Structures are given as structure tokens and as C-alpha cells.
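Number of protein chains: 2
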Amino acid sequence: IEDQNDKELKTLLNEYHYADIAEILDDLDNEDAVYVIKLLDSETTSDILMELDEDIREKILENLSTKEIAEEVEELDTDDAADMIAELPEARQAEVISYIEDHGHRDEIQELLTYDEDTAGGLMAKELVKVYETWTVAGCLRRIRGQAKDVTRVHSVYVVDKQDKLIGRLSLKDLIISKSDMKIADIAKDNVDWVNVNDDVEDVAKVMSKYDLEAIPVVDNNQILLGRITIDDIVDVLKEEADKDYQLAAGITQDVEADDSVWELTKARLPWLVLGLFGGLGSVFIMKGFEEVMETVPSLFFYTPLIAAMAGNVGVQSSAIIVQGIANDNVKGSLASRLIKEIGLSLINGFALAILVILFGLLINQDTTESFAIAISMMSVIVVAALVGTFVPIILDKRGIDPAIATGPFITTSNDILGIYLFFVLSGLIIGF
Amino acid sequence: IEDQNDKELKTLLNEYHYADIAEILDDLDNEDAVYVIKLLDSETTSDILMELDEDIREKILENLSTKEIAEEVEELDTDDAADMIAELPEARQAEVISYIEDHGHRDEIQELLTYDEDTAGGLMAKELVKVYETWTVAGCLRRIRGQAKDVTRVHSVYVVDKQDKLIGRLSLKDLIISKSDMKIADIAKDNVDWVNVNDDVEDVAKVMSKYDLEAIPVVDNNQILLGRITIDDIVDVLKEEADKDYQLAAGITQDVEADDSVWELTKARLPWLVLGLFGGLGSVFIMKGFEEVMETVPSLFFYTPLIAAMAGNVGVQSSAIIVQGIANDNVKGSLASRLIKEIGLSLINGFALAILVILFGLLINQDTTESFAIAISMMSVIVVAALVGTFVPIILDKRGIDPAIATGPFITTSNDILGIYLFFVLSGLIIGF
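Protein chains in written order, with this note's numbering: chain A, 2 to 434; chain B, 2 to 434.
Given below as C-alpha cells:
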């Protein structure tokens, strides 16, 4: 398709949705992608750019002049525009902003750039439909026709007082079904939900999904209406959150994808492996301390990977369920009752597994005392591992640290060492060495 | 609050949002919760019931008569109504349905109950605003006033032809800005996205988040408009998906929460632990086979937990990133190039870790050949573990099996056994036993 047949290509691409074109561009090499972007008009390309993978967008923007970027930015909603500009190197940011012709749009983008990207301010758009409480329904509909041209989706109409303070909301539906001479103040709903501009995006996501909202207004500390956040942005936040937690649990820091460079992936993965290695070296140390046992009860050493695996698995299970419970706000009840539950749960699991270990011992004609010692120590290791897995995230959360970092390699490694140590000490007590 | 002071309690609760009341009820005991539900009118309680935890809702419904449940159902949108009825025991389902007074509502609910809950049909609601292409804008607005009363949020107005086939859509905004004598056919947008009633919910979620849609119409095989799905339902689907994958990765099957019963939690966790145990017993077997090495190179045995941990961690990292890539459709390129990348990546990580192992060996005055043997075998184990972690999910996905089950305990366990076996064989080759 790339043999310079511009016209044909253009008509072909115009039939596609911008999200589909973005997917095609993600697969093309950089030169071809820039070529396609320059071919299409900025109304489509601005949307395509926002849908692209961040790395690819960055490379394409490098190949566009600041003026061309400013043209793309003009077509975007303020929130996307601010995001795109924020990704540019600082030197180019100012230049792009100075090229934006619509001054209102420019000021709004500059305002959005001042907010932290993890706050409601960083996520909101300035595009919204705002009406004053003193207007009538007819006057309101007339003004909305003007305002709504800039707003892709209207959702709610926000009602403000003279000082621009948010005091209520209206749906378009309410406007359509009301008589045209009614005052806005009389038909507005005053139980409007809102978030503060400095609220954390995760909290915004929680509020919006709890109350099933599709858009929420953002206000400053004086209750003045600043912007609004729509549910599609929240869907992205939720997906990113979920991906991040999933990766953390697997021992991958930073936001990486399967197609990132080897170097990026190494940076994200190696630190956790080093942590695991230190844990492993710790067990080497512990086992060296029990070296003389090798002559009397060698089989204990055969069981160490099993003990480490059990301690790790149980710990990860307990921590995953607690981390998720904390994230969804459904961990209730006192610490004491949780303690009792976790002990009960791990005793049941441990007991079932201990029986299997004893059966296995019979099968391979292992000394019965040894089998019992191994089974009982394993059970204790499981209980301890479950407690560590449960309480480390709770404690981290109470101290204001993201409990998600406590799942995966962190819990596995500490439980490995602790488990192997416990295993040798307890077996020693039972067998008597 | 519970001292029978009905009036005060009622006015107090009426000031709260239903989602907040649901949260309070989640914490109350069953008897009090039923008491509160019976106190409030069905318009509020139906929403509260839908927000409650599934287990708690089930218990409360057990305490309501089928007539009372039917009253709640009447107040709900068709999709929520169908979900609530589906949760009841079969015998009560028919009874509740027969008590629904509004026959249109009843037929719609019965239709929805016929769809599988994992398909678009199971998620959609019958509430939507539908207009015929032959209407005028003015006539359309008049009819919408009628239809919209039943629809909480309008989003889009769907345009159908005489056979009720979906042919386009309109936003309320478009209607408001158009002249009142225009024909719907002239202002409708014909590039409407839709999903088939039998599509999988995960695919619906992908389409909606890819195209940033807030509602999508659902059609049957003849393109006849059946219902619509709104983004708030998709948010729930995405959250459930993410929770499920996270739990699978941690070795927890079934949808459980931290506050579920010990028995539920055991059922979800024990199977994976048994899998891990068999893996561990497998290593016991392998190490028994190398028992005579204990006398010549005992230190090899000290390193087995480390080898197992490394094999497990690397495997989980590789598989997590591939599983996520598959889910987000961003795993591209040929298998061969992925193979080369994964080998390169694990060689870099393995090499860095091998150096640390050799340094550790120097520190504890370990025999140099042994240190090198351990380091090199560990490196090989890491490469193999990364390949297993990468390709098992890819192969599962190609065979139509959810690759998410391949992360966590499954990969860890197989890599543990494989890793320990490789470790002994390779060390044996290097040291010579």
C-alpha cells in the first residue's frame, strides 16, 4: 500500500475508525507511520495519535515540527491535549503551546499542565456544559447549543451560581422533558457528587464506580467548578491499576509490555530476581548451619525445595487475597478475628497436605519418625507463612505504603528463608538432633 | 439506632445515597439488615439490594416473600432485575416472575433470563430510546419524552428501520441542535458500532474501551435491535476480570473474598497447594536420585531452594508479561523473534545473578569449581524457565485455553522440578560426578 499512492490510501483510511488506524500504525515502522500521519488531516490524526502506544507516539512526535504538533493539539480535548504536551521534552512544550492559536484553549491546557497527573486535576477536561441557576429552560437550551459544540459528549449539565460555585446538575433528558419557561434552579438536582481537584485518581475511580457515575465534576477548595472527568478516562485508570498490581505480584516493577526493549524489561525484572537471589543465598547459609545433620537425616535436605515452595505459595495466596480486599474496601472485622480465621484456614490446608506427605513417606519407605517430623514442621511452616502473608500487607497499608508491593517475590523470599529455618529447627526438635 | 425508632431511622437513611446504605447493611447482621430493608420503600431498597455483597443479598432475599421480591424487581432496570432473579433458587424464580404486575417488564426480564450471563445478552438491558428513521426531529423529541422516562441515562438514541433493524444512532445533543422539521434519516449517524447478542462479554469490553464508547447497542443475527449495554456494566466486568486474573496468578481459583468462609477459601486454595506439593515431592524424588553426590559435593543441596526460587520467579515474570500482552492484544511479531528476545533477556539477567553467586562463593570460601558449576547451571535454569514461562501461555492461548491459568503455581511448580533436575545434571557435567 505504501507505494506513494496517496489518494487511494487516503480514501481507504478514511473509512476506518481512528482506533483501528492507530492499531495499524502501531505495527508499521516509524517512517511509514509518520508518512501516514502527515497524509491525513489533523482532525483524524490527533485522535489517532492519542490512541497510539506511548513509545510510538513519542517517536512520531519527534518527526513532526512544533507547529504541526500544535495543530494536532488544537483538535484535541483539553485533557488529551495536556497529556500529549506533557510527554514532550520541556523545551518543545513551551514552543508548542505558543503556536496554539485559540487562546482560550491554550490557557485551559496550561492550567491543566499545572496539576499532578495522579490527581483529579490531571485527569479532568475543561470541556463541559455549565448553566447558571437563574436561567430559564428555553434560554438554557439555546446556550447549550453553543457550548455543546465543543463537548463531545454532554452527560450532565452542571448548574452553578453567580460565583461559578457548583450547586447542582441536570441531565439533558430533564431539560427536554421540562417546560420551557421554568427556572433552572427549580428543576436542578442538588445532590450532585463531585471530587476535589487534588483528590487521588484512584479515589475518583472508586467514587465513580461506587455510584455508577459516567461523569463527575471537579471543583477547587472553594467549590468552584473547574472541569469534569468522564468514565472512559476512569476505565483507563482501572486498567492501568490492574496491570500494575498484576505485574507487581509477578515481580515486575515499572510499566512494561511484552514488546518493550530488552533493556527496559531487564530494568523492570532484575531487581526482584536479585532480591530472590539474596533470599536463596540466605537459605544456603541456614542449611550450611545444619550441615552435620546431613549424615544423620539426609532426607531433610531433599524436602527443602518443597518447604520453600509451600511457604511461598501459601504466603502469596494469603497476601493476594488481603491486598485485593484492601483495594476493594471489603476487609472488615478486627485483627484478632482475622488472625484466628487465617490460622484455622492454614491448619486445614496444612493438615491435608501433611497427610499427603506421610502417605508419600510410606510409599518410598521413609523412616516414620522422619515422615512425621517433616509433615508436622511443614504444617507449622504453612501456618507461619499464611500469617506473614496476611499481616505484612495489613501493616504496610496501615503505614500508608501500597500493600501490593508485598505480594509476589517479597513475600515468597521472606517466607522461603523463614520456612527453611523453621523446618530444620522443628524437625530437629522432633527427631532429636 | 436499632431501638425500633422507625421514623427517625427512616428520615436519617433517606438522606444517604443507596450505595452508602448498602455499605452500612453489609456490616449489619442479617436480621437488622432485613429490618431496614422492610422499613424503606421499594424504590430505594431495590437499588440498595443490587449494591449489596452477593452473599448478603442472597440471605436478605431468603427473608423476603416472593411478592416482596417481585416489588423490588419492578423497580429495577431489566438487566439488574434479571440478574437478581437469576440468583434465586429455581422454584422461587417462576413465582417471583408471576407476581410482576407490569407485563412488558416481565416479558423483557424473561427474555433476558434466556441469555448466558457471559454473553452480551446476559449483560444488556432492554431500556433504550429507539426512533424510526422516518420520524421528524420534533416528533422524535415528543416520543423521546415518553420513552426516556423509563431510561435512567439516555446516552444515544438508536435509529431503526421499519423492521426494527439498527441502522444508525443519534445523540441527544444532535437532536437539540437540529431544526425541528428535519427527518431523522438525514441527521442520523450511520457509523454505529454494535455487538451481537451472543458475543462474549470480554470482547464487548474490548470493543467499548477501544472505541471509548459509553453505551453500545446489542443486535441479533438479523441486525434487529434487542438492547444496549452501558459502560458502568463494563467497568464491573473489567474489575471482575482483573480480580480473577490476579487471583489465578496467586493460585486462588473461584471468586473468593477475604471475608468468605474458611470452607470457601479452602476450596479455592487447597487444589493449587496440592499441585505445589506434588511438584515438591517430585524434587524429593530427583534429589534422592543424586543422593550419592551428598558425600562429594554437599553444597549443591544447599542451593536447591535458591535454584527453585529463581526458576519459579523468572517463570512467573515471563508468563505474567505474556499473559498480559495476550489480554491487551499487544503481543506482536513471530515466535522466532520472541524466542531470541526471551533468551537474550534471560541471559542478561542470568549473567548478572551468576556473578553475584560467584562473589558469594568467594565470600564463604567455597571451592571455585563448585561456585562456577552452580553459577553456570543456575544461568541455564533461568534461560529454560523463561522459555517455559513465555511459551506455555502462548501455546495455551493458541489452543483456546485461558492463558491466565498458566501463571502462578502452575509455572512455578513445573519450573521447580525442571530447574532442580537441570541443576544437578549440569553441575554433574561440570564438576564431573
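Ideal Cβ positions, reconstructed from N, Cα and C, are used throughout, including at glycine. This one's a predicted model, so the numbers in the text were calculated from it and none came from an experiment.
Exercise for review: Report yes or no: do the stretch 191-207 of chain A and the stretch 220-235 of chain A share at least 3 C-beta pairs separated by less than 8 Å?
Suggested key: yes
Point to revise | Buried or exposed (CB count within 10 angstroms, at least 16 for buried), A:Leu-307 | key: buried
Check your understanding: Assuming B:Val-205 contacts B:Leu-124 under a Cβ cut-off of 8 Å, what Cβ separation, rounded to an integer in Å, is found between them?
Key -> 7 Å
Check your understanding: In terms of residues, what are the limits of the alpha helix (DSSP H) holding A:Arg-93?
Key -> 91-100
Practice item. State the Cα-Cα distance for the pair B:Ile-287 and A:Asp-417, rounded to the nearest angstrom. Key: 20 Å
Exercise for review: Identify the continuous alpha helix (DSSP H) that holds A:Val-389 and give its terminal residues.
Suggested key: 369-399
Check your understanding: Do B:Val-35 and B:Ile-70 have their CB atoms nearer than 8 Å?
Key -> no
Review point. Under the rule that 16 or more other beta-carbon atoms within 10 Å means buried, what is B:Val-426, buried or exposed?
Key: exposed
Check your understanding: If we call anything under 8 Å between Cβ atoms a contact, is B:Leu-176 one with B:Gln-224?
Key -> no
Check your understanding: Is DSSP giving A:Asp-187 helix, strand or coil here?
Key -> helix
Review point. So which residues of chain B does A:Val-285 contact, with C-beta pairs closer than 9 Å?
Key: Ser-300, Phe-303, Tyr-304, Pro-306, Leu-307, Phe-361 and Ile-365
Check your understanding: Checking contacts by CB at 8 Å: is B:Val-382 closer than that to chain A?
Key -> no
**Study point:** Three-state class that DSSP yields for B:Ser-172 in the structure shown
**Key:** strand
Practice item. Report the neighbours of A:Thr-408 on chain B: residues whose CB is nearer than 8 Å to its CB, in chain order. Key: Ala-251
Exercise for review: With a 10 Å radius around its C-beta and 16 neighbouring C-beta atoms as the bar for buried, classify B:Asn-15 as buried or exposed.
Suggested key: exposed
**Study point:** First and last residue of the uninterrupted beta strand (DSSP E) at A:Thr-231
**Key:** 226-231
Practice item. Report the option in B:Ile-38, B:Ala-23 and B:Ala-20 whose CA atom is closest to the CA atom of B:Asp-7. Key: B:Ile-38
Check your understanding: According to a CB-to-CB cut-off of less than 8 Å, which residues of the stretch 253-278 of chain A neighbour chain B?
Key -> Ile-253, Val-257, Glu-258, Ala-259, Asp-260, Val-263, Leu-266, Thr-267, Arg-270, Leu-271, Trp-273, Leu-274, Val-275, Gly-277 and Leu-278
Check your understanding: Taking the alpha-carbon positions, what's the A:Glu-75 to A:Leu-89 distance?
Key -> 16 Å
Exercise for review: Counting only the same chain and skipping the five closest in sequence on each side, list residues whose C-beta sits under 7 Å from that of A:Asp-201.
Suggested key: Asp-119 and Thr-120
Check your understanding: What in chain B is Cβ-close to A:Ser-85, meaning under 8 Å?
Key -> According to the sequence as given, residue 85 of chain A is Met; it is not Ser. Ordered by position in chain B, no residue passes the 8 Å Cβ test against A:Met-85, which lies about 16 Å from the chain.
Exercise for review: State the start and end residues of the unbroken alpha helix (DSSP H) segment that holds A:Pro-306.
Suggested key: 305-328
Review point. For A:Gln-94, which residues from the same chain have a beta carbon less than 7 Å from its beta carbon, with the 5 sequence-adjacent residues on both sides left out?
Key: Ile-86
Review point. Taking just the CA atoms, how far does B:Ile-402 sit from B:Ile-396?
Key: 9 Å
Practice item. Name the residue from B:Ile-232, B:Glu-59, B:Gln-325 and B:Asp-187 whose alpha carbon lies nearest to the alpha carbon of A:Asp-246. Key: B:Gln-325
Practice item. Give the residues of chain B in contact with A:Ser-210, contact being defined as C-beta atoms less than 8 Å apart. Key: Asp-233, Val-236, Asp-237 and Lys-240
Review point. Under 8 Å between the Cβ atoms of A:Ser-320 and A:Pro-410?
Key: no
Check your understanding: Would you say B:Asn-416 faces chain A, with C-beta separation under 8 Å as the test?
Key -> no
Point to revise | chain A residues whose Cβ lies nearer than 7 Å to that of B:Ala-321 | key: Tyr-247, Gln-248, Ala-251 and Ile-253
Check your understanding: Just checking, does the stretch 289-307 of chain B make contact with the stretch 381-389 of chain A on the three C-beta pairs under 8 Å criterion?
Key -> no
**Study point:** Rounded C-alpha distance that separates A:Ala-251 from B:Asn-314
**Key:** 8 Å
Exercise for review: For B:Ser-335, count neighbouring C-beta atoms within 10 Å of its own C-beta (all shown protein chains included) and say buried if the count is 16 or more, exposed if not.
Suggested key: exposed
Check your understanding: What is the rounded straight-line gap between the Cα of B:Phe-291 and the Cα of B:Thr-297?
Key -> 11 Å
Point to revise | Stretch-stretch touch, CB-based, cutoff 8 Å, three pairs: the stretch 207-214 of chain A with the stretch 123-139 of chain A | key: no
Point to revise | Beta-carbon gap between B:Gly-105 and A:Met-311 smaller than 8 Å | key: no
Point to revise | Rounded Cβ spacing between B:Leu-53 and B:Leu-26 (contact assumed at less than 8 Å) | key: 6 Å
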